[in-house]
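Colleague: Got a structure for you, questions after.
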Amino acid sequence: MTGRLGLGLSRPELLRLHELTGGNPFYLLEMGRELKGRRVPLSASQPIPVPRGLGELLAERLSRLPDATREVLVVVAATARPTVDVLEAASGDAKGTRRALEGAAAAGVVEFDASRVRFVHPLLASVCYQSAPPWRQREVHRRLADLVSEPEERARHLALTVDGADEAVACELDLAAEHAFARGATAAAAGLHEFAAELTPVRSAAQARRRRLQAATRHRLAGDRDRSAGILQELRDQVSGVERADVLFELAQARQGELSSIGRLCEEALSEAAGDAARCARILGFLSWLRVIEGELGSALIAARDALASAERTGEPRLVAPAIARVAMAETWVLDITPGLLERGVELERRLPEPLEFHASPTIALARRLICLSELDRARSLLEEAATSAGERGDEGTRGHILFHLIMLEWFAGQWDAALEHAASALELAQQLGDEQFRGMVLHGTALVDAHRGEVEVARVAAEQAAVIADAVSDAIFPIWNEAVLGHIELSLGHIDAAAERLGPLPGRLLALGWNDPADSVWPDAIEALVATGELDRAQFYLDSYEELAQRSGGPWALGAAARCRGVFAFARGESAVAFAAFERALAEHDRIPSDFERGRTLLALGSVRRRVRQRAGARTALDQARECFDAVGARLWAARASDELERISGRRPGAELTPTEGRVAHVAARGRTNKEIAAELYMSVHTVEAHLSRVYRKLNIRSRTELAQRLITLGTGP
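For the sequence shown, the working numbering gives the first residue as 93, with consecutive numbering after it.
As structure tokens, this is what we get:
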């Protein structure tokens, strides 16, 4: 749809179109062309129009059936879950209904059994229904409304029986919308609220506005931000006071436009709220998130704490829990933690009857803090559970942001294939949501992972695209991180001057913003690049700041990276003993977490220093281990750097001296196992097996597995 037609549809629209076309690509494109030609969005009460040519073709097929059969088929098309019993009850003629269904089945139009009747293709149902005159449609829905008990289906049938406003039916639709929302059908709930607003009498204008506002909220949650914003823009000039505050705040949450314009909406909403504690709590909480993205960390924390104070005045847990989440998130970035606050928020959230959105969830705030503290397994469990819940209830915005944090979590964990799988899902969702700021976040995550894997050009393109988006939406944080990715690429390639030029200013920019989270690759990359180019004064200033932040955080990722940086810096100052002690501290921190890449970087630095002080055996051991670590995560450029360091060690390694991991791979391969079987047996990726075997063949000067088995026997280790 996007590639062929340039048609951007929201996720709910795509799902509705997919259901109607049965996923047929030809029908999808034809329907897409029809939708592209329309100038106004469809309302909830409108069927998607079938293109004229396709509609005529299907209508001609239906016209061959007897009138009595087509009458029954209109009822089938109008029913959400048609059964033979329902159709017989609706017609009052069991035998006639059965004959009609058998005739339609013989003509290849429907299929039916004892439990279900269905058209062979959804488009046939749509054309059949739309071909019936309006009076006939209303008559069918009137009969069906008396037969069905399911709230949503009954409400829709009632709504389609009236020709004009009807408050009683509108109330039924409201109840049905709540039923749909409770079962996770958020897009359906939004449509039902819109339908209710359409049927609200003119004299009940306030009620109609309430229903449209509710529809806008649920369209946003379902991922249709454009539809949400369209409704809200219409409402904006129709309301005043606290009602206007609600509309402006919801419009801000739809996030259309630059961050500065969204912030102005929040400020105006605060003014209209006139001190209402509940409204102030919600608006200030959202404003704190905006301030984070704008890089105003101090203002963000103030706004979040003001939101919590307002929420506490209401005494309502449904307001206090989200406010705690906002405070906790800001405190995580600033490193100004209130003991016990986040735990209190998690407990309050557990007791709430309804789930909270991403930024309002203390549980998700806890998961994000756990990532900073390297408690990755616990964080993963919380995020995966939250993502499942969000998907089940149709909260696509929340699911998307959770996917981004799963990308970052798996990057830290060295599970880079999993990270890229999350990234692919998140990018698809970002396009459907029409959320550019979120798309920029995901592109950054993709670039970060690909840069570490050594996919230089792919990473560079993604980082540059993310940078353009961040600039367009006035994001202050992600430009730093996107530049850091580009700097990491240069560092990986050994382009030290280019790396220092990109990375050198970045820690200072983070400090200026008040962004104090040390679980951030900006710091170690920048310090390493500055040391390598001889800028030791600036490196020392950053290193002292980084060590202080790492100590305050207590997270092993940051402590390990900071200790490695101290080792690199100390050796550059000629302090070998200090350097070796620092590397040992770093390795001890790496032992606390799954960190093959970080361990590899520390071993690479340690091996390089040992080589320079002529500790050849120790250097070779460290560098071999470093290369194994890089191979394990697929960091090919860093593995190549370790290999280059090994080549610089004078004195050739005996050909038979394989590392322990290489030895295990070699022995399994010599028994005739495939690379896939070796990977499964030794719990590693196929890529890692291939890398190990390449080095085994080179070290043993062989070219085949037959030679491998023979060489192992010769060496006395057996296949």
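Each residue gets a CB set at the ideal place from its N, CA and C atoms; glycine is no exception.
Spell out the partners DSSP gives R210 in its beta bridges.
Modeller: BP columns for R210 point to E203.
Colleague: One question on the structure: do A518 and L501 come within less than 8 Å of each other, judged by their Cβ atoms?
Modeller: It is not a contact, given that the beta carbons lie outside the stated cut-off.
Colleague: Just to confirm, are E364 and R328 a CB contact at a threshold of 8 Å?
Modeller: Contact flag unset, no.
Colleague: Note down the Cα distance separating I572 from D542, rounded to an integer number of angstroms.
Modeller: Approximately 17 Å, taken between the alpha carbons.
Colleague: Quick check on this structure: which residue in I323, M533, E620 has the alpha carbon closest to the alpha carbon of A522?
Modeller: The candidate whose alpha carbon is nearest that of A522 is M533.
Colleague: With a threshold of 16 other CB atoms inside 10 Å of the CB of G546, please say whether the residue is buried or exposed.
Modeller: The residue in question, G546, is buried, as its Cβ has 16 or more Cβ neighbours within 10 Å.
Colleague: In whole angstroms, give me the CA-to-CA distance for D617 and P117.
Modeller: Going by the C-alpha atoms only, they are around 47 Å apart.
Colleague: Does the pairing of the segment 432–446 with the segment 454–471 give three or more beta-carbon distances under 8 Å?
Modeller: Enough Cβ pairs lie closer than 8 Å, so yes.
Colleague: Looking only at its chain, what residues have a beta carbon closer than 6 Å to the beta carbon of L376, apart from the 5 residues adjacent to it on each side?
Modeller: Counting only Cβ-Cβ distances below 6 Å, and skipping sequence neighbours, we find A395, D398, A399.
Colleague: Considering only the beta carbon of each residue, do E342 and T309 sit closer than 8 Å?
Modeller: Result yes, Cβ atoms of E342 and T309 sit closer than 8 Å.
Colleague: Can you find the residues in the same chain that come closer than 6 Å, C-beta to C-beta, to Q802, ignoring five residues on each side of it along the sequence?
Modeller: So no residue of the chain qualifies.
Colleague: Determine, using beta carbons only, whether R656 and A697 come nearer to each other than 8 Å.
Modeller: Going by C-beta atoms, R656 is nearer than 8 Å to A697.
Colleague: Quick one, which of R691, R356, S402, L239 has its alpha-carbon nearest R173's?
Modeller: Nearest of R691, R356, S402, L239 to R173, Cα basis: L239.
Colleague: Nearest CA to the CA of G486: which residue from G596, F450, S207?
Modeller: Among G596, F450, S207, the Cα nearest to that of G486 belongs to F450.
Colleague: Verify whether the separation of the beta carbon atoms of I229 and L252 is less than 8 Å.
Modeller: In the sequence as displayed, the identity of residue 229 is Gln instead of Ile. Yes, the pair counts as a contact, with Cβ atoms nearer than the cut-off.
Colleague: Taking all protein chains shown into account, do 16 or more other C-beta atoms lie within 10 angstroms of the C-beta of Y638, making it buried, or fewer, making it exposed?
Modeller: The residue in question, Y638, is buried, as its Cβ has 16 or more Cβ neighbours within 10 Å.
Colleague: Taking buried to mean at least 16 other C-beta atoms within 10 Å of its own C-beta, is E754 buried or exposed?
Modeller: With 16 or more other Cβ atoms within 10 Å, it is buried.
Colleague: Using three-state DSSP, classify W607 as helix, strand or coil.
Modeller: Note: W607 maps to coil in three-state DSSP.
Colleague: Using the Cβ count rule (16 or more neighbours within 10 Å means buried), how would you classify D716?
Modeller: The residue is buried, with at least 16 neighbouring Cβ atoms inside 10 Å.
Colleague: Assuming T406 contacts A373 (C-beta within less than 8 Å), just tell me the rounded distance between them.
Modeller: T406 to A373, Cβ: 7 Å. Contact.
Colleague: From F722 to G390, what does the alpha carbon distance come to, in whole angstroms?
Modeller: Cα-Cα distance, rounded: 38 Å.
Colleague: For I588, name the three-state secondary structure that DSSP assigns.
Modeller: Helix.
Colleague: Just how far apart, CA to CA, sit H233 and V254?
Modeller: The alpha-carbon atoms of H233 and V254 are separated by roughly 10 Å.
Colleague: Between P158, L215, S207, which has its C-alpha nearest R191's C-alpha?
Modeller: Comparing Cα positions, the closest option is P158.
Colleague: If we define contact as Cβ-Cβ less than 8 Å, is P610 a contact residue for chain C?
Modeller: Of the chains in the structure shown, none is chain C; there is only one protein chain.
Colleague: In chain order, what residues of the same chain lie with their CB nearer than 8 Å to the CB of R703, ignoring the 5 residues before and after it?
Modeller: Taken in chain order, the residues that qualify are A711, L715, E737, R740, I741.
Colleague: With burial defined as no fewer than 16 other Cβ atoms inside 10 Å of the residue's Cβ, what is the status of D527: buried or exposed?
Modeller: It counts as buried.
Colleague: Just to confirm my understanding: we take F675, look at its own chain, exclude 5 residues before and 5 after, and list those with CB closer than 7 Å. What are they?
Modeller: Hits under 7 Å: R656, G659, T694, A697, L698.
Colleague: Using three-state DSSP, classify A197 as helix, strand or coil.
Modeller: Looking at A197 - three-state DSSP - the assignment turns out to be helix.
Colleague: Output the residue ranges of the alpha helix (DSSP H) runs that lie fully inside the segment 484–512 and measure 4 residues or longer, sorted by chain position.
Modeller: Correct list: 488–505.
Colleague: Tell me the residue span of the alpha helix (DSSP H) that contains I456.
Modeller: It spans 454–464 - the alpha helix (DSSP H) in which I456 sits, taken as one unbroken run.
Colleague: Measuring straight from C-alpha to C-alpha, what distance separates L216 and G188?
Modeller: Looking at the two C-alpha atoms, the distance is approximately 21 Å.
Colleague: Given that a residue counts as buried once 16 or more other Cβ atoms are within 10 Å of its Cβ, and exposed if not, what is G764?
Modeller: That one is exposed.
Colleague: Am I right that A576 and V614 are in contact with their C-beta atoms under 8 Å? What's the rounded C-beta distance?
Modeller: Yes, they are in contact, since the Cβ atoms of A576 and V614 sit about 5 Å apart, within 8 Å.
Colleague: Determine the DSSP secondary structure at M421, reduced to helix, strand or coil.
Modeller: M421: helix per DSSP, three-state reduction.
Colleague: Closest to G600 by CA distance: which of H580, Q632, H587 is it?
Modeller: When each option's Cα is compared against that of G600, the closest is Q632.
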